[in-house]
Amino acid sequence: MKNPIIITIDGPAGAGKSTIAKLLARRLGFHYLDTGALYRAVTLKALRNKMLPGGSESRLAGLVLSSDIKLRSAPGGNKVRVFLDGRDVSSEIRTPKVTSYIYKISSAPAVRRAMVKLQRRLAKGRNIICEGRDIGSVVFPMARIKFYLDASIKERAGRRYKESKSLFPGTRIGYKQVRKEIAVRDYRDSHRKTAPLVRPKGAFYVDTTNLSISQAAGTLYRIINDKLDKK
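Taking my numbering, I'd label the letters of the sequence shown as residues 34 to 264.
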């Protein structure tokens, strides 16, 4: 593809980035690059190899570079399967334990540098939509269109709580715990020295607090169409 289009969506946990990115990928016929799944896959492998907690940054970065991580989806498909060293780990990477250790991976500068290389390689030559916390500011600063999604912490915690109960019916995690974890993660993401969570330059700001997923996706879709029509 001569001039592939990259669309990025940044924002804090629970703002609706993943769900909206998948809907847009299907509607536009783009590939969805699930960057969060990449971090989750490496976190899962680090846990399996007993490298967390306390794993050295250089060893964790080496883990990224040595891991065979593949995301399988068709253009326009919103279901992404994650394969780690040849094995489907799509469900395993969503467990509460993996979630609780992601920050040890994502906050390490050497790991993030390795991840940037991996994400750019996976996106090469494709029309993609991707989301994350440094995706439009660091990984793809040259993206054609950038968004920053946000929502109140009350709304974001409620969404994550419902998601957790749906994925893991037997879990005992409560709403207050989910809200506390999101608040902690917000602080860590926005205050880390390497690639902190920021609103990328030129990104459209969309507050999804009072929007349904379809309404939020529709808002982004209209902006995308308007921007692409002008090219």
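C-beta: ideal position from N, C-alpha, C; glycine also.
Across the structure, S247 and I53 are spaced so that their CA atoms are roughly 8 angstroms apart. Secondary structure note for T41: its beta strand (DSSP E) is the uninterrupted segment 39-43. By a beta-carbon distance limit of 8 angstroms, T252 does not contact C163. Their separation comes to about 18 angstroms. According to DSSP, I178 shares a beta bridge with I40. For G165, the enclosing beta strand (DSSP E) begins and ends at 161-165. For the pair I38 and I102, the Cα-to-Cα distance works out to about 23 angstroms. Three or more beta-carbon pairs drawn from the stretch 221-237 and the stretch 164-176 are found closer than 8 angstroms, and the two stretches are therefore classed as touching. Our two residues, K78 and R146, have alpha carbons roughly 18 angstroms apart in a direct line. Per the Cβ contact rule, the stretch 198-214 is not in contact with the stretch 54-67 (fewer than 3 Cβ pairs under 8 angstroms).
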